[in-house]
Every structure is written in structure tokens, then in C-alpha cells.
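Contents: one structure, followed by commentary.
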Amino acid sequence: MDVLQELEDRRAAARLGGGPRRVEAQHAKGKLTARERIELLLDAESFEEFDMFVAHRCTDFGMEADRPAGDGVVTGWGTINGRMVYVFSQDFTVMGGSVSETHAQKICKIMDMAVRNGAPVIGINDSGGARIQEGVASLAAYGEVFQRNISASGVVPQISVIMGPTAGGAVYSPAMTDFIFMVKDSSYMFVTGPDVVKTVTNEMVTAEELGGAGTHTKKSSVADAAFDNDVEALAEVRRLVDFLPLHNREKPPVRPFFDDVNRVEDSLDTLIPDNPNTPYDMKELILKLADEGDFYEIQAEFAKNILTGFIRLEGATVGVVANQPMVLAGCIDIDSARKAARFVRFCDAFEIPILTLVDVPGFLPGTSQEYGGVIKHGAKLLFAYGEATVPKVTVITRKAYGGAYVVMASKHLNGDFNYAWPTAEVAVMGAKGATEIIHRADLGDADKIAAHTKEYEDRFANPFVAAEKGFIDEVIMPHSTRKRICRAFASMRGKTREHPWKKHDNIPL
Ligand code: HXC
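Set out below in C-alpha cells:
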């Protein structure tokens, strides 16, 4: 009986973390504790903990007197809507959630198990970084975590939730995971903090400005989404996990769906405005195609000229990449190419089919783009699409001009189904620009230029030239797009396609 009681007592002590005073301080900052977060993340009663009694082995600086059970991180596994995930949650109430050798070993243990057993890793980060008393042992321990992030990349989905400080080299573990979520006003990530920045560059900046959720979702694109509080962030992680396969050898999940595959959307027949320069909201099309209008957007606040995210068709996950004519006329630029390329590569790594919706007038011109290396960054998207072997369905709604036409999952990059609406214009460039080049001699004569422009439009501002050549498989009615793309993806459930053997590619980075 005594041993049973001792176990209960030890468990109760471990669950207290850093004690009531520090838990109160945590709550006062609007943050939940490590265990409260796990409870919200996982299905009720599903959490199985590992290493609850692990304690650090440091004997410097009088540390042997303070060896809290668990060592500042709660680890284990549980389920999200019945599907298995591994989780670690740093406990800021225990030595600031700082990373000791043993703390990192706990994280490494569940990462190893996740890869072996094929389940995602979700890391909840809230830590003062390397445990200062342990010195280089702590750095080495971080290195072990990094190596596992790299090995697990493309094998199991890795999701980071930043719910407190993440500073210095510690940022590089989340940075190598597939998705990063942050909480507004209570989380930050930076390589060097405001004090160092001030000393070195004389810039005065707050932690929030330097590395808060706003900065990383809007400016740096380090983070994929920001939420108002811990509760909302964890609920959204659950929603994301529902879209993802558990590992790279499994097809994406198929859920029950309550939306007619043959649903006709007459409103799509008039989505494209009469004036080719008038924008429309591409998100409307995505929502009308998706099962139950459910679109899980990734990086909604960054490079808004391209949309990326997940939908379901017939209950199965599909990744969507879509030009957004509302922003920069849907041009591809450095940021949008990087954003979409990373998304395409995630989908391909995890066997998620890709739907591409195209309305792109070309690449964004300008010195800032060229100096910033739009050639190299644009190539990332081209490379990602060409390398992706998952089922690829493309629908051109309006413009598909020049190099951007080729990039956006065209037939030439092994697009499987390439559809176009009757409003599509597949051409080297817009009629006006084309006329001004090939009829330069007539530039002073407005009537002649108008006639040439009309002639060019009649010849090329349509999908039929491309369809005649087989670059477009079929010109489809906008209202029946959902049915057509559902049938297309359904026909490719058994698709196999492989590249020649290589160690790995050399995508332009
Ligand atoms: C040991 C730490 C710690 C750390 C915090 N604590 N960070 N203990 N190692 N890195 C302890 C504090 O002593 C304190 O203990 C408790 O955690 C809470 O910290 P506070 O400072 O009271 O909290 P707060 O005011 O909220 O400030 C949080 C903080 C600050 C901004 C994170 O603690 C801080 O600046 N910590 C040091 C950060 C740092 O320089 N880390 C090393 C970075 S280098 P008590 O007992 O008082 O509750 C790094 C390299 C990784 O991480 C490289 C990987 C390759």
C-alpha cells in the first residue's frame, strides 16, 4: 500500500511543476501551463506520459539541491480526434522551461518514437533557452534535437506551437519543423534579443516588434499563423492535424463528408469580371469548390498574392495553391514563390494531392525583385511543382501568361489534369504588351494599335490555342468545376510516378 501511495505522491509532486507561485505568474501572463496545454491539445483522457520522474544530473552552481521531477518538459503521446500524435510541452514554471541535457533527452525520446511508429510530433515551446548552469552540455543537447528535426523532416509532420520565449539558437528547432503557430502578445522568436540588437546596431525595438506573432506572420514568414490566446492556438492545431496524414507512407485521411460531389455552382459562371483588369476574390472559388466550404489557410497574412492551404474533396485532403488577383494582380514575386514552393513540397512529401487555381499575369517586375533574386526564388516554385509526383490538377480561370503559365503546375511540369475555363487566356503575355512589341512601328497610330490588339486578343486571349495543342486537357464549365476536379482526383488514387534515383536534388535555395 505504501508503494502505491508513494507513486501517487510522486506523481502529484511532478504535476505541480514549479509550484503554485510560478503557476500563478504563468497564468498572470495570460499563458496556460504545460499540462493545461496538453489537455486542450489532446482528446480527453488520451495522454500517456513518459519520463515524468526524469531529473537533471547537473552538479554545478548548487544545482544538485534542486532536481524537479520532469526537468521542465512534459512529454508523451495521445490522440487528436482518435489519431495518434507525440507531444512535448515545455514547462516555463520549472527553471523557465530551460533546456538541460536530460530535458532534451526527453524530447529526443518521443521524436525517435514518432519516427519509428509513424505519428506527428507537436512541440509546445515556452523556454528560456539553453540551461545556463549546464553550459555546453545544453548546447550539445539542442544539437541532438536539431538532428532529429532534420531526420524526421518529410517522414512525420512536425508542428511547433510557440507559446512563450524562444530565443537564440533555440529558434532553429521550430524553424526546421513544417508549421509554426504563435500566440499574439505572449510569444516571441528571435536569434538575438532586443538588448543585443541595441548594443550592436543601435536599434531600439521591443521583443514583440522584433519577434512577435505579428512580425513573423506578416513580415518574416517564419510563422504560419497567429492566434489570440493559447486556447485558440491549440484548437487550430487540432484542426490542422485532421487534414494531415500521420506519416509519409500513409495516404491523407479521408473523413465522412456531407457535400454533394456533383454540386453545381452557377455563380462561378459569372465569377470572372468582363474587364480582364478587374480583380475578383479567388478565395470565393476555393470555398465553393471545397467540401462544406472548409479551407484551412496557411500563411494567410504573408504574400497575399498567392493563397495556400488545405481543403477536402470527397472527404480527402487536397492542398490548394491559387493566385489571388486581388493582391498585386496575382503576380508571382519572391515572397509568394517561396511561400507556395514550401507548401507544394510539404504536400508532395506527405502524398497530399495538389489543386492549382491559376490567374497569373506574370512575375512582378522591378529592381527590388531582381536584386532580391526573384530568378532564384521563382525557380523554387517551378522546381517544386516539377518535382512533385502527387496527383496534380490545375484549373486556369483567367490569365496564364508567360513563364508564370509554365510554373503554375502546367502540363509541361507533369500536370495530370489541366483544365481551363472558357475565360482563360493562355498566352506569352497580355494583348496590349504583345502588340506594343510586335507592332512597334505603329506605336504612334492609336487606331492601328487598337486593331492589332484586337487581332492578338482574338487569336490568343482564350484557352483554345493551348487546348488544340493538348496543353489543356479540357475546357470546362465553371459551374461544374467541383465535379470535374473531384472526378479527376478520384481517378488518380492509384497514381505512381518516380524520379530517377538520386541522393537528393539541388533545389535553388
Ligand atoms: C536557467 C533559466 C533560464 C535559463 C530562465 N531561467 N531562463 N534558468 N537557464 N536559460 C529561470 C530563471 O532563473 C527564473 O528562475 C525562471 O526561469 C523564470 O525566469 P524569469 O527571468 O523570472 O522570467 P521572465 O521575467 O519571464 O523572463 C524570461 C526570459 C529570461 C526572458 C526567458 O528568463 C531570460 O532572459 N532568460 C535567459 C535567456 C537566455 O539567455 N538563454 C540562453 C540563450 S542561448 P526562478 O527560480 O527565479 O523562477 C540559447 C542557445 C541555444 O538558448 C543554442 C542552441 C544551439
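Residues in the sequence shown are numbered from 1 upward in steps of one, following the UniProt record's numbering. Even glycine gets a Cβ: it sits at the ideal position worked out from N, Cα and C.
query = For the ligand HXC, any of its heavy atoms closer than 6 Å to the Cβ of residue 131?
reply = Locating residue 131 in the sequence shown gives position 131, where the first residue counts as 1. Residue 131 Cβ: within cutoff of the ligand HXC.
request  = In angstroms with no decimal places, state the Cα-to-Cα distance between residue 58 and residue 72.
outcome  = Translated into the one-based positions of the sequence shown, residue 58 becomes position 58. Translated into the one-based positions of the sequence shown, residue 72 becomes position 72. Spanning the two alpha carbons is a distance of roughly 14 Å.
Neighbourhood of residue 80 by C-beta, 6 Å cutoff - its chain only, sequence neighbours within 5 removed = As a first step, residue 80 is located in the sequence shown; it is residue number 80 there, counting from the start. These residues qualify, in order along the chain: 238 and 241.
task = With distances taken Cα to Cα, identify the nearest neighbour of residue 30 among 92, 348 and 176.
result = In the sequence shown, residue 30 corresponds to position 30, counting from 1. Per the Cα distances, 92.
ask   = Does DSSP put residue 217 in a helix, a strand or coil?
value = Counting from 1 along the sequence shown, the entry for residue 217 is found at position 217. Looking at residue 217 - three-state DSSP - the assignment turns out to be helix.
CA-to-CA distance, residue 378 to residue 551, given in whole angstroms = The shown model of the chain, from 1 to 509, leaves out residue 551, and the question about it has no answer.
request  = Kindly give me the distance between the Cβ atoms of residue 244 and residue 283, rounded to whole angstroms, as I take these residues to be in contact under 8 Å.
outcome  = Residue mapping note: residue 244 aligns to position 244 of the sequence shown, counting from 1. Residue mapping note: residue 283 aligns to position 283 of the sequence shown, counting from 1. No, residue 244 and residue 283 are not in contact; Cβ-Cβ is about 22 Å, not under 8 Å.
message = Using C-beta distances below 6 Å, list every residue in its chain close to residue 132, excluding the 5 sequence neighbours before and after it, in chain order.
response = Numbered from 1 along the sequence shown, position 132 holds the residue referred to as residue 132. Excluding sequence neighbours, residue 132 sits near nothing in its chain.
message = Based on DSSP bridge pairs, tell me the residues matched to residue 77.
response = Within the sequence shown, numbered from 1, the residue matching residue 77 stands at position 77. Answer is 48 and 86.
ask   = By Cβ distance below 6 Å, which residues in the same chain neighbour residue 487 in space, the five residues on each side in sequence not counted?
value = Within the sequence shown, residue 487 is the residue found at index 487, counting from 1. Cβ neighbours of residue 487 beyond the five flanking positions: none.
Cutoff 7 Å: residue 46 Cβ touching any chain C Cβ = You won't find chain C in this structure, because it holds only one protein chain.
key: Residue interval of the alpha helix (DSSP H) (run including residue 402)   = As a first step, residue 402 must be located in the sequence shown, where it is residue number 402. Start and end: 402-407.
key: Contact test: residue 510 Cβ vs the ligand HXC heavy atom, cutoff 6 Å   = Because the chain in this structure spans residues 1 to 509, residue 510 falls outside the shown range and cannot be described.
message = Let's see if you can read the secondary structure: which residues bound the alpha helix (DSSP H) around residue 111?
response = By one-based count along the sequence shown, residue 111 stands at place 111. 101-117 is the extent of the alpha helix (DSSP H) around residue 111.
request  = Would you mind stating whether residue 216 and residue 156 have Cβ atoms separated by less than 7 Å?
outcome  = On the sequence shown, residue 216 is found 216 positions in, with the first residue counted as 1. On the sequence shown, residue 156 is found 156 positions in, with the first residue counted as 1. It is not a contact, given that the beta carbons lie outside the stated cut-off.
ask   = What span of residues does the beta strand (DSSP E) with residue 355 cover, start to end?
value = The sequence position of residue 355 within the sequence shown is 355, counting from 1. 354-360 is the extent of the beta strand (DSSP E) around residue 355.
ask   = Does DSSP put residue 502 in a helix, a strand or coil?
value = As a working mapping, residue 502 is identified with position 502 in the sequence shown. Coil.
query = Just to check, is the beta-carbon of residue 128 closer than 6 Å to a non-hydrogen atom of the ligand HXC?
reply = Working through the sequence shown from its first residue, we reach residue 128 at position 128. Answer for residue 128: yes, Cβ within range of the ligand HXC.
ask   = Does the Cβ-Cβ distance between residue 106 and residue 51 come in under 7 Å?
value = Position 106 of the sequence shown holds residue 106. Position 51 of the sequence shown holds residue 51. Cβ distance < 7 Å, so residue 106 and residue 51 count as in contact.
Ordered list of alpha helix (DSSP H) runs contained in the segment 149-218, each at least 4 residues = 172-175, 194-201 and 207-211
ask   = By how many angstroms is the C-alpha of residue 159 removed from the C-alpha of residue 181?
value = Translated into the one-based positions of the sequence shown, residue 181 becomes position 181. Translated into the one-based positions of the sequence shown, residue 159 becomes position 159. Those two C-alpha atoms are separated by around 8 Å.
query = In chain order, which alpha helix (DSSP H) runs of at least 4 residues are fully inside the segment 422-472?
reply = 431-438, 446-460 and 464-468
key: Contacts around residue 482, its chain only, beta-carbon distance under 6 Å, and the 5 residues preceding and following it disregarded   = For this step, residue 482 is matched to residue 482 along the sequence shown. Around residue 482: 263 and 289.
message = Measuring straight from C-alpha to C-alpha, what distance separates residue 110 and residue 220?
response = Along the sequence shown, read from residue 1 onward, the residue named residue 110 stands at position 110. Along the sequence shown, read from residue 1 onward, the residue named residue 220 stands at position 220. So the two alpha carbons sit approximately 30 Å from each other.
ask   = Would residue 401 pass as a contact of residue 463 if the rule is Cβ separation under 7 Å?
value = Along the sequence shown, read from residue 1 onward, the residue named residue 401 stands at position 401. Along the sequence shown, read from residue 1 onward, the residue named residue 463 stands at position 463. Against a cut-off of 7 Å, the Cβ pair of residue 463 and residue 401 comes out as no contact.
message = Alpha carbons only, please: which of 255, 267, 276 and 33 is nearest the one belonging to residue 287?
response = Walking along the sequence shown from the start, residue 287 turns up at place 287. Nearest C-alpha to residue 287: 267.
task = In the DSSP assignment, find the unbroken alpha helix (DSSP H) run with residue 334 in it and report its ends.
result = Within the sequence shown, numbered from 1, the residue matching residue 334 stands at position 334. Start and end: 334-349.
task = Find out if the Cβ-Cβ distance for the pair residue 352, residue 397 is shorter than 7 Å.
result = As a working note, residue 352 is residue 352 in the sequence shown. As a working note, residue 397 is residue 397 in the sequence shown. Contact: no.
query = Is it right to say residue 322 is buried, meaning 16 or more other beta carbons lie within 10 angstroms of its own, or is it exposed?
reply = By 1-based counting over the sequence shown, the position of residue 322 is 322. With 16 or more other Cβ atoms within 10 Å, it is buried.
query = When DSSP labels each residue in this structure, what does residue 307 get in the three-state scheme?
reply = As a working mapping, residue 307 is identified with position 307 in the sequence shown. Residue state, collapsed to three classes: strand.
key: Alpha-carbon spacing of residue 510 relative to residue 199, whole angstroms   = The question about residue 510 has no answer, for the chain in this structure spans 1 to 509.
request  = Out of 49, 95, 69 and 2, point me to the one whose CA is closest to residue 22's CA.
outcome  = Walking along the sequence shown from the start, residue 22 turns up at place 22. Measuring from the Cα of residue 22, the nearest candidate turns out to be 95.
inquiry  = Please classify residue 35 as buried or exposed, where buried requires at least 16 other C-beta atoms within 10 Å of its C-beta.
reply    = By one-based count along the sequence shown, residue 35 stands at place 35. By the neighbour-count rule (16 or more Cβ atoms within 10 Å), residue 35 is buried.
query = Excluding the five sequence neighbours on either side, which residues of its own chain have a C-beta within less than 8 Å of the C-beta of residue 448, listed in chain order?
reply = Along the sequence shown, read from residue 1 onward, the residue named residue 448 stands at position 448. Excluding positions up to five away in sequence, the list reads 439 and 442.
Alpha-carbon to alpha-carbon, residue 185 and residue 299 = By 1-based counting over the sequence shown, the position of residue 299 is 299. By 1-based counting over the sequence shown, the position of residue 185 is 185. So the two alpha carbons sit approximately 18 Å from each other.
query = residue 95: beta carbon under 6 Å from a heavy atom of the ligand HXC?
reply = Locating residue 95 in the sequence shown gives position 95, counting from the first residue. At least one heavy atom of the ligand HXC is nearer than 6 Å to the Cβ of residue 95, so yes.
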